[in-house]
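Count the sequence shown with full-length UniProt numbering and you get residues 1 to 309, in order.
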Amino acid sequence: MPTPFKAYAFQGRIPGDYRQLLLPEHYAYLQQLPAECFAIGIACGEKPAALAVLYRDPGSPEGKLQSFVVAPAWRRRGLGRQLYTLLENWAQQQQLKQIHVEYLAPAAAQLEESKAKPAAGLQDTVSVPARFLQACGFHIPQPGIYVWKGSLKELVQEPRGNRLQLTSSFSVTPFYELSDIERASIKNRVELPYPSILDPFIEEHVIDQEHSLILRQNGNIAGWITVERFNNNTVLLKTMYVKDSCRSKGWGLVLALEACRLLEREGLYENWIGFVEASNPLMARLAIKQLSPLHSVSVEVLWRTSKSI
């Protein structure tokens, strides 16, 4: 006899027995669901089997899928499609016209596929979330943010990394040693025309000024890398920029390795993480080219897709 399923709508608060179906970053929803959010749960008998949370952008006919989880025991039974259909029906009743989705997933397979089909560009057609979303009518997911991470110790011990060293014309100095004149020069963006997203002074109060580095070529500023604490064991390589004449020769990677060597020697962190926005395609291509061959480095992508309803 088929197991009966029941669907429930939640606003204001998600019942505590759905905790197992929430990601840790969404646990606050158990206490108070934001007014802009709507949730649908499906139960098998008395046990929660699936949960979806949709955020509605105030003043906009668009929504964003915040969470979508089917309990492992109930996957591959069509429950996910059923849950999404209920959610989309509610969204249409609320006059929403489009639903957006973001998800983080490993990208090694997608990067290999893009090498075989370069004309198609990097896209996700192989992961479980991508296949499910396309079955629900979403566009093929495209990259939004590239995320690289790994062990500091393993990174600095990479044979290829050991070969990448600064030459005699280059040097690095701590960020805090910038003079007022140099700070002003960087800010006017004339000699170093960097995009605003790579401004080293963004949220300057949280960066580690001792371990953030200024790259100098014959004494003149040629770039920088800023770092900050991500968590107790991980350092975030936050922003990195090198001038055009240095970028094509891979000095950006050398600068990043120099910062990681310093952090690893001092034993401040065990791991590192860095990201590049897909909206910065030149930096993304360089990072893919330079980091993909390193065995200690893993890559994930924040994929983005949407559907008109």
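Beta carbons are placed, not taken as given, at the ideal position from N, Cα and C, and that holds for glycine.
Keep in mind it's a predicted model, so treat the numbers as computed, not measured.
In angstroms with no decimal places, state the Cα-to-Cα distance between residue i and residue j.
| i | j | result |
| --- | --- | --- |
| VAL53 | GLN66 | 5 angstroms |
| TYR29 | LEU291 | 37 angstroms |
| ILE288 | PRO106 | 14 angstroms |
| LEU237 | PRO24 | 24 angstroms |
| ASP57 | LYS64 | 8 angstroms |
| LEU96 | GLU88 | 9 angstroms |
| ALA35 | GLU46 | 27 angstroms |
| LYS243 | LEU262 | 22 angstroms |
| ALA119 | LEU166 | Only weak support is given to the placement of ALA119: the predicted model assigns it a pLDDT of 45, under 50, and the value that follows is read from those uncertain coordinates. Computed Cα separation, rounded: 35 angstroms. |
Kindly identify the DSSP beta-bridge partner or partners of residue i.
| i | result |
| --- | --- |
| GLU277 | ILE145 |
| ILE288 | Partner(s): none; ILE288 has no beta bridge. |
| MET240 | ILE225 |
| THR125 | Its beta-bridge partners do not exist; DSSP assigns none. |
| ARG56 | GLY63 |
Find the nearest neighbour of residue i within the set the options, judged by alpha-carbon distance.
| i | options | result |
| --- | --- | --- |
| TYR84 | ILE197, VAL126, ALA9 | ALA9 |
| GLU270 | THR173, SER151, LEU198 | SER151 |
| GLU62 | ALA91, PRO24, ILE145, LEU302 | ALA91 |
| GLN31 | GLY223, TYR18, LEU155 | TYR18 |
| PRO141 | VAL128, LEU268, PRO193, LYS153 | VAL128 |
| GLU277 | TYR103, LYS64, PRO143, ASN188 | PRO143 |
| LYS249 | THR226, ALA222, ASN233, ARG265 | ALA222 |
| ALA73 | ASN89, CYS44, LEU96 | CYS44 |
| ASN280 | ILE145, ARG183, ARG304 | ILE145 |
| ILE273 | LEU122, LEU155, ARG77 | LEU155 |
| LEU294 | GLN217, ARG163, ARG75 | ARG163 |
Excluding five sequence neighbours on each side, which residues of the same chain lie with their C-beta closer than 6 angstroms to the C-beta of residue i?
| i | result |
| --- | --- |
| LEU21 | PRO48, LEU51, VAL69 |
| VAL297 | TRP148, GLY150, LEU291 |
| ALA71 | ALA49 |
| VAL299 | ALA107, TRP148 |
Assuming residue i contacts residue j (C-beta within less than 8 angstroms), just tell me the rounded distance between them.
| i | j | result |
| --- | --- | --- |
| LYS307 | HIS139 | 7 angstroms |
| THR226 | PRO193 | With 8 angstroms as the limit, THR226 and PRO193 do not qualify as a contact, their Cβ atoms being about 18 angstroms apart. |
| residue 360 | THR173 | Nothing about residue 360 can be read from this structure; the chain reaches only from 1 to 309. |
Go through its chain and collect everything with a Cβ distance to residue i's Cβ below 8 angstroms, but skip five positions before and after it.
| i | result |
| --- | --- |
| ALA135 | ARG81 |
| PHE5 | ILE42, ALA43, CYS44, ALA49, LEU79, GLN82 |
| ARG304 | HIS100, VAL101, GLU102, PRO141, GLN142, PRO143, GLY144 |
| GLU158 | LEU294, HIS295, SER296 |
With a threshold of 7 angstroms on Cβ separation, who are the neighbours of residue i within its own chain once the five nearest residues in sequence on each side are excluded?
| i | result |
| --- | --- |
| GLN11 | LEU33, PHE38 |
Using a Cβ-Cβ cut-off of 8 angstroms, state whether residue i counts as contacting chain C.
| i | result |
| --- | --- |
| ALA52 | This model lacks chain C altogether; it includes just one protein chain. |
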